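Student: Mind looking over this structure? Questions follow.
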Amino acid sequence: MGCGDKVRFVHLSDIHFNQKAAAFGFDPDREMRRLVQRDITERMQVLGPANAVLVSGDIAYAGKREEFEDAARWLDDVCDAAGCGRESVLMCPGNHDVDRAVIERNQLIQDGHEAIRKGPAFYDRDAALTRRLTQPEARALFYSALAEYNSFAARYQSSFFADEDTFVWEHDFVLNDDSTLRVRGLNTALLSGLSDVEGSLFLGTRAWTLPRHDGVEYLVMAHHPPKWLADQEESERAFDASARIHLFGHEHNQRVQPGRDWIKLYAGSINPHRAEPNWRPGYNILEVSVEEGAPRRLRVEVNAREWQGNPPQFRNVEDVGHRPVFAVGIELPPLLPSSCPQGTRQLNDDIGCAKAEIIAAMEPRKMDPQRRFKTIVYRFFRLSLSKKEEIVGHLRLSEESDSRLTDVERFKLALTRARERGQVDDLADMVEQQERN
Numbered sequence: 003m004g005c006g007d008k009v010r011f012v013h014l015s016d017i018h019f020n021q022k023a024a025a026f027g028f029d030p031d032r033e034m035r036r037l038v039q040r041d042i043t044e045r046m047q048v049l050g051p052a053n054a055v056l057v058s059g060d061i062a063y064a065g066k067r068e069e070f071e072d073a074a075r076w077l078d079d080v081c082d083a084a085g086c087g088r089e090s091v092l093m094c095p096g097n098h099d100v101d102r103a104v105i106e107r108n109q110l111i112q113d114g115h116e117a118i119r120k121g122p123a124f125y126d127r128d129a130a131l132t133r134r135l136t137q138p139e140a141r142a143l144f145y146s147a148l149a150e151y152n153s154f155a156a157r158y159q160s161s162f163f164a165d166e167d168t169f170v171w172e173h174d175f176v177l178n179d180d181s182t183l184r185v186r187g188l189n190t191a192l193l194s195g196l197s198d199v200e201g202s203l204f205l206g207t208r209a210w211t212l213p214r215h216d217g218v219e220y221l222v223m224a225h226h227p228p229k230w231l232a233d234q235e236e237s238e239r240a241f242d243a244s245a246r247i248h249l250f251g252h253e254h255n256q257r258v259q260p261g262r263d264w265i266k267l268y269a270g271s272i273n274p275h276r277a278e279p280n281w282r283p284g285y286n287i288l289e290v291s292v293e294e295g296a297p298r299r300l301r302v303e304v305n306a307r308e309w310q311g312n313p314p315q316f317r318n319v320e321d322v323g324h325r326p327v328f329a330v331g332i333e334l335p336p337l338l339p340s341s342c343p344q345g346t347r348q349l350n351d352d353i354g355c356a357k358a359e360i361i362a363a364m365e366p367r368k369m370d371p372q373r374r375f376k377t378i379v380y381r382f383f384r385l386s387l388s389k390k391e392e393i394v395g396h397l398r399l400s401e402e403s404d405s406r407l408t409d410v411e412r413f414k415l416a417l418t419r420a421r422e423r424g425q426v427d428d429l430a431d432m433v434e435q436q437e438r439n
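For the sequence shown, the working numbering begins at 3 and goes up steadily by one.
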């Protein structure tokens, strides 16, 4: 957790890095991204540093490697502007992060998508998806169009595969009363193909089932709002019942919808298509905390930043009554003494952000374990393939059964083994050695 009593996020969506942009003059979309970065810097000077940057999909435009490479460089700058580590990004894929050329070339993928969509009822569609994701060859086909996204997102622990840990991903943040805000990333782009329409996509039971734990509140993040899902009714019911904060992208229509038990944010686009009739680039800053006193209330404050052209600047979208910040208080159940994990308050809360960063740089083994491992993962996945292979081989982190997996899956599994076997220090040393080489 960062400094102060609030968990703070920068929420971006629909950036659309496009390698097909005209190669002359100055790219206006690049200028808009620079202005977003500048606005984040200015807002963080007022509010304080962010804990993480959340990206709800459509990072790329056509799911190509070069687009994700451009995105990686820009996200480094955004994290610097937000005052968080460059590893502090969490993301999920959108339809533009899918390489449609892969789907066009393979009729089996198209047939698999259609077989799920044509199920007469939810349980038929859910069973059809489960059958395909438990069969190795079919599973590989389903994720093949997301290969470049997964290769890029692995450094942020935000890739998606059909296994226990990454069919969805989760990341915890400690709130000011030592309870947990659990961010869950969802993949609504698994069935995204050549002609997406409302109701043509699908999540399934294993994505939107949110286990209830004392002292844990959920933030769910997905690219497509539920109306784009064939399981809209089921997923929306699950989210409304168990998640306090819902983040969506895709529609380029920035709005905030408060409810009794939740708040829903529909993001604007960093780079909407300039032919759109309501061209208004935007992004959000969220601040989350638990109010003092009884009953417990989760306070969520949203700075919805939107570009206006005259005069040209970002400004807050106003709530009713011309309030510049959307704020809700959501009543929470009492916090039981056993609900708060012991030792979860991070070094930053005790000694201040600036001093914590200096100590972490000088003595990385004193960093919070979760943050330290996330930093190692980020650095590992930015190495070349040969250097990653050398680390995995030297530390004996691979097994014979890994040979059937993609490179990203193999390396993710190897890093998990390093943590489980107590080899994190050795892993960190080898990553640093390979960076020097």
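Note that the Cβ used here is the ideal one computed from N, Cα and C, for glycine as well. Fair warning: this is a prediction, and the values are worked out from it, not measured in the lab.
State the DSSP-derived secondary structure class of Asp-263, mapped to helix, strand or coil.
Tutor: If DSSP states are grouped into helix, strand and coil, Asp-263 belongs with coil.
Student: Under 8 Å: do the segment 70-80 and the segment 229-241 share three or more Cβ pairs, one atom per stretch?
Tutor: No, because fewer than three Cβ pairs between the segment 70-80 and the segment 229-241 fall closer than 8 Å, the two stretches do not touch.
Student: If Val-394 and Ser-386 are in contact, beta carbons under 8 Å, what's the gap, nearest whole angstrom?
Tutor: At roughly 13 Å, the Cβ-Cβ gap does not stay under 8 Å, so Val-394 and Ser-386 are not in contact.
Student: Suppose the cutoff is 6 Å on Cβ atoms and the five residues either side in sequence are ignored; what does the same chain contact list for Gly-424 look like?
Tutor: Excluding residues within five positions, none has a Cβ falling inside 6 Å.
Student: In the segment 156-214, which residue ranges form an unbroken beta strand (DSSP E) of at least 3 residues, counting only runs that do not cross its ends?
Tutor: Listed in chain order, they are 171-176 and 182-187.
Student: How many angstroms separate the CA atom of Ala-420 from the CA atom of Val-176?
Tutor: Using only the alpha carbons, I get a separation of about 25 Å.
Student: Could you check if Asn-439 is buried or exposed, using at least 16 other CB atoms within 10 Å of its CB as the buried criterion?
Tutor: Asn-439 is exposed by the Cβ-count criterion.
Student: Below 8 Å CB to CB, which residues in the same chain sit around Gly-292 once its five sequence neighbours on both sides are set aside?
Tutor: Looking at the sequence itself, residue 292 is Val, so the reference to Gly does not match. Closer than 8 Å at the Cβ level, and outside the excluded window around Val-292, lie Leu-177, Asn-178, Asp-179, Ser-181, Arg-298, Arg-299, Leu-300, Arg-301 and Leu-334.
Student: Check whether the segment 52-61 and the segment 6-14 are in contact - that is, three or more C-beta pairs closer than 8 Å.
Tutor: With the cut-off at 8 Å, the segment 52-61 and the segment 6-14 touch.
Student: Within 10 angstroms of the Cβ of Trp-309, are there 16 or more other Cβ atoms? Answer buried if so, exposed if not.
Tutor: Flag for Trp-309 reads buried.
Student: Would you mind working out which of Phe-154, Gln-109 and Ile-61 sits nearest Tyr-380, comparing C-alpha positions?
Tutor: Of the listed residues, the one whose Cα sits closest to Tyr-380 is Phe-154.
Student: Could you tell me if Asn-286 is buried or exposed, where buried requires 16 or more neighbouring beta carbons within 10 angstroms of its beta carbon?
Tutor: Asn-286 is buried by the Cβ-count criterion.
Student: Give the straight-line distance between the Cα atoms of Gly-323 and Pro-279, rounded to the nearest whole angstrom.
Tutor: The alpha-carbon atoms of Gly-323 and Pro-279 are separated by roughly 27 Å.
Student: Looking at C-beta atoms only, is the number of pairs between the segment 116-125 and the segment 32-45 that lie closer than 8 Å three or more?
Tutor: Verdict: no, contact absent.
Student: Compare the C-alpha of Ala-306 against each of Leu-267, Leu-415 and Ala-23 and name the closest.
Tutor: Comparing Cα positions, the closest option is Leu-267.
Student: Which one of Ala-103, Leu-183 and Gly-331 has the shortest CA to CA distance from Arg-262?
Tutor: The shortest Cα separation from Arg-262 among Ala-103, Leu-183 and Gly-331 belongs to Gly-331.
Student: Answer with buried or exposed for Gln-47, where buried requires no fewer than 16 other C-beta atoms within 10 angstroms of its C-beta.
Tutor: When all chains shown are included, Gln-47 counts as exposed.
Student: Is Pro-227 near Phe-250, with beta carbons less than 7 Å apart?
Tutor: Contact: yes.
Student: Can you name, in chain order, every residue of its own chain whose Cβ lies under 7 Å from the Cβ of Arg-384, other than the five neighbours on each side?
Tutor: Arg-157.
Student: Using alpha carbons as the reference points, say which of Glu-33, Asp-7 and Asn-20 lies closest to Pro-314.
Tutor: Among Glu-33, Asp-7 and Asn-20, the Cα nearest to that of Pro-314 belongs to Glu-33.
Student: Count the other CB atoms within 10 Å of the CB of Phe-70; is the residue buried (16 or more) or exposed (fewer)?
Tutor: Phe-70 comes out buried.
Student: To test your reading of the DSSP string, which unbroken beta strand (DSSP E) runs of 3 or more residues are found completely within the segment 44-119?
Tutor: If we require 3 residues or more, the beta strand (DSSP E) runs fully inside the segment 44-119 come out as 54-57 and 91-93.
Student: Measure the alpha-carbon distance for Asp-16 versus Pro-274 and round it to whole angstroms.
Tutor: Those two C-alpha atoms are separated by around 7 Å.
Student: Per DSSP, which residues does Ile-287 bridge with? Please list them.
Tutor: For Ile-287, which the question treats as bridged, DSSP gives the partners Val-12 and Asn-305.
Student: Using the rule of at least 16 other Cβ atoms within 10 Å of the residue's Cβ for burial, across every protein chain shown, is Arg-276 buried or exposed?
Tutor: The residue is exposed, with fewer than 16 neighbouring Cβ atoms inside 10 Å.
Student: Assuming Gly-96 contacts Ala-191 (C-beta within less than 8 Å), just tell me the rounded distance between them.
Tutor: Sure, about 6 Å apart at Cβ, within 8 Å.
Student: Would you identify the three-state DSSP class for Gln-435, choosing helix, strand or coil?
Tutor: Correct three-state label for Gln-435: helix.
Student: Classify Gln-112 as buried or exposed, calling it buried when 16 or more other Cβ atoms lie within 10 Å of its own Cβ.
Tutor: The residue is exposed, with fewer than 16 neighbouring Cβ atoms inside 10 Å.
Student: Would you check if the distance between the CB atom of Ser-160 and the CB atom of Met-93 is smaller than 7 Å?
Tutor: Contact flag set, yes.
Student: Does the distance from the C-beta atom of Arg-184 to that of Glu-200 stay below 7 Å?
Tutor: Not in contact: Arg-184 and Glu-200 (Cβ atoms no closer than 7 Å).
Student: Classify Ile-378 as buried or exposed, calling it buried when 16 or more other Cβ atoms lie within 10 Å of its own Cβ.
Tutor: Its Cβ being crowded by 16 or more others within 10 Å, Ile-378 is buried.
Student: Could you tell me which residues DSSP pairs with Gln-514 in its beta bridges?
Tutor: Outside the modelled stretch of the chain, which goes from 3 to 439, sits residue 514, for which no answer is possible.
Student: So for Gly-121, helix, strand or coil by DSSP?
Tutor: Three-state result, Gly-121: coil.
Student: If you draw a straight line from the alpha carbon of Glu-89 to that of Val-410, how long is it in whole angstroms?
Tutor: Distance between the alpha carbons of Glu-89 and Val-410 is about 17 Å.
Student: Near Ala-147, what residues of its chain come up, given a Cβ to Cβ distance below 6 Å and the 5 sequence neighbours on each side ignored?
Tutor: Here the set comprises Val-100, Asp-101, Val-104 and Ile-105.
Student: By the 10 Å Cβ neighbour count, where 16 or more other Cβ atoms means buried, how is Asp-60 classified, buried or exposed?
Tutor: When all chains shown are included, Asp-60 counts as buried.
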